[in-house]
Amino acid sequence: MKYIIFIALFFITFHPGISKDKQIVLISGIVKNIEDGSIITTKVKFINSEGVVYEAKSNSTDGSYQQVLPVGEQYSIIIEGFLLTDHAVLLNLQNINQYHEITRNLDVIKLTAGLELLTIDAFVDNDSKIHDSLFTYINFIKHILTHQKGLHIDLVINTGDSYFKDKKVKTTVIEKKKKKTKTVTVKNKEQLTELLDQRAEVLRDLIKNNKIQERNASVSTDLIETTAPKVVKKKKKSKTPPPPKEPVFDLTVKISKVMKL
Numbered sequence: 705m706k707y708i709i710f711i712a713l714f715f716i717t718f719h720p721g722i723s724k725d726k727q728i729v730l731i732s733g734i735v736k737n738i739e740d741g742s743i744i745t746t747k748v749k750f751i752n753s754e755g756v757v758y759e760a761k762s763n764s765t766d767g768s769y770q771q772v773l774p775v776g777e778q779y780s781i782i783i784e785g786f787l788l789t790d791h792a793v794l795l796n797l798q799n800i801n802q803y804h805e806i807t808r809n810l811d812v813i814k815l816t817a818g819l820e821l822l823t824i825d826a827f828v829d830n831d832s833k834i835h836d837s838l839f840t841y842i843n844f845i846k847h848i849l850t851h852q853k854g855l856h857i858d859l860v861i862n863t864g865d866s867y868f869k870d871k872k873v874k875t876t877v878i879e880k881k882k883k884k885t886k887t888v889t890v891k892n893k894e895q896l897t898e899l900l901d902q903r904a905e906v907l908r909d910l911i912k913n914n915k916i917q918e919r920n921a922s923v924s925t926d927l928i929e930t931t932a933p934k935v936v937k938k939k940k941k942s943k944t945p946p947p948p949k950e951p952v953f954d955l956t957v958k959i960s961k962v963m964k965l
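For what it's worth, the numbering used here labels the leading residue of the sequence shown as 705, then goes sequentially.
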């Protein structure tokens with residue numbers, strides 16, 4: 705316990721991001737490769753929304769690490785050369801206002817092409833509007849591309865969360881060199897394709913506005929042709945609220961290349 709307190713005091717004194725009157729959390733754990741059970745010696749970085757880095761190093765004896773962090777913030781967790789297997793890449797200390805000790809073991813695998821970094825419910829169903837939570841994940845993507853050198857990722861948007869009924873639209877066509885107005889039916893697939901294009905444009909703008917280089921992050925689309933949702937019969941009023949709707953992940957972030965780490 706004395707050793708832990710000493711470590712905490714050391715970082716409070718010497719890390720420029722921690723003022724003396726700031727409450728702190730001491731986070732500790734073990735970094736382990738789940739593929740073979742070996743302990744990992746590497747840098748463990750906690751990065752806040754402003755890009756301030758708090759860096760620990762897991763030791764070569766047992767893979768343990770310790771780090772002091774100011775409360776009231778959310779952090780991206782970056783393990784150099786590795787990926788967290790549970791995808792829990794964010795550490796939220798926003799609702800903590802006093803000293804805590806947290807144990808967080810980090811089970812990891814080596815970064816390789818094809819691995820999924822994140823699956824996100826990024827967009828409102830049937831729309832190209834984004835959920836506010838996407839901004840936090842964009843921040844994480846920015847952090848991982850900065851601190852995992854040589855990484856290229858692919859952000860794959862899908863339409864698994866959306867469905868459109870057929871709709872009638874009027875369109876102008878040319879027949880025998882004359883313009884005519886026709887009513888055509890726009891099917892679900894065509895509307896989903898249009899939605900994908902709109903979502904891709906929104907995401908590309910978001911990446912650009914957050915100064916993420918296009919050479920490090922590309923956007924692609926995956927058309928999932930959905931069917932009409934089942935009609936649920938209305939039940940009599942109950943005092944028990946219905947369970948929350950399960951999110952459908954419409955954005956997958958994958959590693960496409962690992963050039964040099």
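Beta carbons: idealized from backbone N, C-alpha and C, even for Gly.
Asked                                                                                                            : Found
Contact the segment 841-849 vs the segment 902-915: 3+ CB pairs below 8 Å                                        : yes
Other residues of its chain near F718: CB distance less than 6 Å, five sequence neighbours each side excluded    : Here the model assigns F718 a pLDDT of 49, short of 50, so the residue's position is not dependable and the matter cannot be decided.
Coarse secondary structure for T875, derived from DSSP in three states                                           : strand
Close-in-space but distant-in-sequence residues of the same chain around K871 (CB under 6 Å, 5 per side omitted) : V890
Under 8 Å between C-beta atoms of I800 and K749                                                                  : no
Nearest-angstrom Cβ-Cβ length linking L955 and I848, presumed shorter than 8 Å                                   : Contact doesn't hold; Cβ gap of about 15 Å is too wide.
C-beta atoms of L859 and L907 nearer than 8 Å                                                                    : yes
Beta-carbon proximity list for F868, same chain, < 6 Å, skipping 5 on both sides                                 : N892 and Q895
As assigned by DSSP and simplified to three states, the class of K893                                            : helix
In chain order, each beta strand (DSSP E) run of at least 3 residues that lies wholly inside the segment 816-860 : 820-824
Terminal residues of the beta strand (DSSP E) in which V957 lies                                                 : L955 to V962
H804 - partner residues in DSSP beta bridges                                                                     : V729
Best match in T746, T816, R808 and T930 for proximity to D790 [C-alpha to C-alpha]                               : R808
Where Q852 falls, given that 16 or more other Cβ within 10 Å makes a residue buried                              : buried
Option nearest I928 by Cα separation, candidates G818, L899 and S732                                             : L899
DSSP beta-bridge partners of I744                                                                                : Its beta-bridge partners do not exist; DSSP assigns none.
Alpha-carbon to alpha-carbon, T823 and K706                                                                      : For K706, the predicted model reports a pLDDT of 43, less than 50, meaning its position is unreliable and no value from the coordinates is stated.
Contact check, Q727 vs Y803, beta carbons under 8 Å                                                              : yes
Same chain only: Cβ atoms within 8 Å of K884, ignoring 5 sequence neighbours per side                            : T876, V877 and I878
For Y758: DSSP bridge partner residues                                                                           : F750
Span of the beta strand (DSSP E) around K814                                                                     : L810 to K814
DSSP three-state assignment for D865, whether helix, strand or coil                                              : coil
Assigned exposure category for Q969 - 16 Cβ within 10 Å defines buried                                           : A query on residue 969 cannot be resolved here, the shown segment of the chain reaching from 705 to 965 and no further.
Presumed contact (8 Å Cβ cut-off) between I857 and K958, rounded CB distance                                     : 7 Å
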